[in-house]
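Protein chains: 2
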Amino acid sequence: MTEPSGRRERKKAATRQKIADTALRLFLERGYDAVGIRDVAAEADVAVTTVFAHFASKEALVFERDQDFEQRLTRAVTDRPAHEPLIPALHREIQALVRHCTAEGSTPVRRMIEGSPALREYEESMSLRHAHALAAALAADPHLCRSATACRATARFAIDAYALACRADDPGATVDEVFRMIEAAWEATAP
Amino acid sequence: MTEPSGRRERKKAATRQKIADTALRLFLERGYDAVGIRDVAAEADVAVTTVFAHFASKEALVFERDQDFEQRLTRAVTDRPAHEPLIPALHREIQALVRHCTAEGSTPVRRMIEGSPALREYEESMSLRHAHALAAALAADPHLCRSATACRATARFAIDAYALACRADDPGATVDEVFRMIEAAWEATAP
DNA sequence: GAAGATAACCCTAACGGTTAGGGTTTAACA
DNA sequence: TGTTAAACCCTAACCGTTAGGGTTATCTTC
């Protein structure tokens, strides 16, 4: 996003990118479990320790792109036009995120994730973090006078909608249907 | 549950119990991360391979008791009195499960789980499995004519209620509040 | 009761993700 | 220009987990 100015930062970003690209390529070529961290490091021509200096775990190599997920979610709430109701704004953003995750080129990656228990678990734990962040954003919104429980539940429901839709036959329709439920649930908590 | 008849089965069950007890004791004494599988095995006086013959992973040692969770959930749906509405039955069972998980003696275990990312992740992935099973039970119920999406979403919402309540200040009230939302969401899917 | 069959267990060695420790280069900057 | 610190490297290890192959105790069948 932000252009790195110094040579050092540029080189660092290049190294990171090379590792991520190499890893994803090898994973897709040979399968996630059949590729070791040592393979990735060798192919990217860096030391194993360098891989872990850029990525917290082997699984993180796969989800490299999804860093802004959390930010997009919370901003959909905090940056929405004044007086716009919450649920439609959330609905729209989740819809967009689902489209991004079910786009044409993402299919092999999704299949890989679904095929590896470790990756599924990792994705799920990311979702938990996202739900926490979203719940905090909801609780902080001055226009929404709801209990902490209502905020936390709604945040998890929204993440559920995303998770279900990414695996559904008709992702768009799934988001819409689950958000009809979320809308009703949210209304039921009106003070 | 079922009394093992032969000596072999009794000895096997005893070994399993000894491993689980030893593990939980050591974990609580020294902290989950500070205790290795080799420590548990040595203290329980068995081989490391024996530990993994009884438990699929280190994390599974902690959740040894919660095997019937899934069965209780699905049975709350399938075995409920004819014509009893779904949501109250689910509500009641989740309430009971939460009480079980927040009971007096469970506090140190909960603190340990919350303190270890590995355990939190494992618990979350168990929850996913439970949600799958519950969704299947809902989809199979002839009295509930709802879409697969509605069943899956409701199942996840119910699991969310459990997860939120286990970590809440007032677990009972949290279950009640979230189930008011779930009730509304479920009604919104009526055909 | 003796003779297999087999379940439960043991040991050793290894694999793969991950980290600690400590060294070298190179961009950044005073 | 010299100093600092970030990025990187190597080696060796830790830890969860599994494979391979052996020993003992229980079960079963004759």
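Protein chains in written order, with the UniProt record's numbering: chain A, 1 to 191; chain Z, 1 to 191. Cβ atoms here follow ideal geometry from the backbone N, Cα and C, with glycine treated the same way.
Contacts that residue i makes with chain A (C-beta to C-beta distance below 9 Å)
{"i": "residue 136 (chain Z)", "result": "Within 9 Å Cβ-Cβ: nothing; residue 136 (chain Z) doesn't reach chain A, min ~14 Å."}
Residues that residue i contacts on chain A, provided the C-beta gap is smaller than 7 Å
{"i": "residue 152 (chain Z)", "result": "164"}
Partners in chain Z for residue i, counting only beta-carbon separations shorter than 8 Å
{"i": "residue 146 (chain A)", "result": "What residue 146 (chain A) touches in chain Z: nothing, since even the nearest Cβ is about 10 Å away."}
{"i": "residue 160 (chain A)", "result": "153, 156, 157 and 160"}
Chain-ordered neighbours of residue i on chain Z, where CB pairs are closer than 7 Å
{"i": "residue 178 (chain A)", "result": "149 and 153"}
Exposed unless 16 or more other CB atoms sit within 10 angstroms - verdict on residue i
{"i": "residue 14 (chain A)", "result": "exposed"}
{"i": "residue 1 (chain Z)", "result": "Because residue 1 (chain Z) carries a pLDDT of 44, less than 50, the predicted location of this residue cannot be relied on, and no value is offered for it."}
{"i": "residue 91 (chain Z)", "result": "buried"}
{"i": "residue 9 (chain Z)", "result": "exposed"}
{"i": "residue 152 (chain A)", "result": "buried"}
{"i": "residue 145 (chain A)", "result": "exposed"}
{"i": "residue 195 (chain A)", "result": "Shown here, chain A extends from 1 to 191; a query on residue 195 (chain A) therefore has no answer."}
{"i": "residue 173 (chain A)", "result": "exposed"}
{"i": "residue 183 (chain A)", "result": "buried"}
{"i": "residue 56 (chain Z)", "result": "exposed"}
{"i": "residue 190 (chain A)", "result": "exposed"}
{"i": "residue 48 (chain A)", "result": "exposed"}
{"i": "residue 22 (chain Z)", "result": "buried"}
{"i": "residue 130 (chain A)", "result": "buried"}
{"i": "residue 187 (chain Z)", "result": "exposed"}
{"i": "residue 185 (chain Z)", "result": "buried"}
{"i": "residue 140 (chain Z)", "result": "exposed"}
{"i": "residue 59 (chain Z)", "result": "buried"}
{"i": "residue 107 (chain Z)", "result": "exposed"}
{"i": "residue 78 (chain A)", "result": "exposed"}
{"i": "residue 76 (chain A)", "result": "buried"}
{"i": "residue 29 (chain Z)", "result": "exposed"}
{"i": "residue 84 (chain Z)", "result": "exposed"}
Beta-carbon neighbours of residue i, restricted to chain A and to distances below 8 Å
{"i": "residue 59 (chain Z)", "result": "Ordered by position in chain A, no residue passes the 8 Å Cβ test against residue 59 (chain Z), which lies about 11 Å from the chain."}
{"i": "residue 187 (chain Z)", "result": "184"}
{"i": "residue 174 (chain Z)", "result": "149"}
Contact list for residue i against chain Z, beta-carbon separation under 9 Å
{"i": "residue 168 (chain A)", "result": "148, 149 and 152"}
Task: Residues of the stretch 86–100 of chain Z whose Cβ lies closer than 8 Å to any Cβ of chain A, in chain order - done: none
Task: Interfacial residues, the stretch 107–138 of chain A to chain Z, with Cβ spacing under 9 Å - done: 117, 120, 121, 122, 124, 125, 127, 128 and 131
- [ ] State whether the stretch 130–141 of chain A contacts the stretch 152–164 of chain A, with contact taken as three or more CB pairs (one from each stretch) at a distance under 8 Å.
- [x] yes
Open item on the list: Would you call the stretch 107–118 of chain A in contact with the stretch 21–34 of chain A, where contact means no fewer than 3 C-beta pairs closer than 8 Å?
Closed with: yes
Open item on the list: For the pair the stretch 9–24 of chain Z and the stretch 41–56 of chain Z, tell me if three or more CB-CB distances fall below 8 Å.
Closed with: yes
Task: Contiguous beta strand (DSSP E) assignments of at least 3 residues, all confined to the stretch 86–147 of chain Z - done: none
Task: Touching by the beta-carbon criterion (3+ pairs, under 8 Å), the stretch 166–175 of chain A and the stretch 84–100 of chain A - done: yes
Open item on the list: Threshold first: 3 residues or longer. Then list the beta strand (DSSP E) segments lying entirely within the stretch 146–182 of chain A, N to C.
Closed with: none
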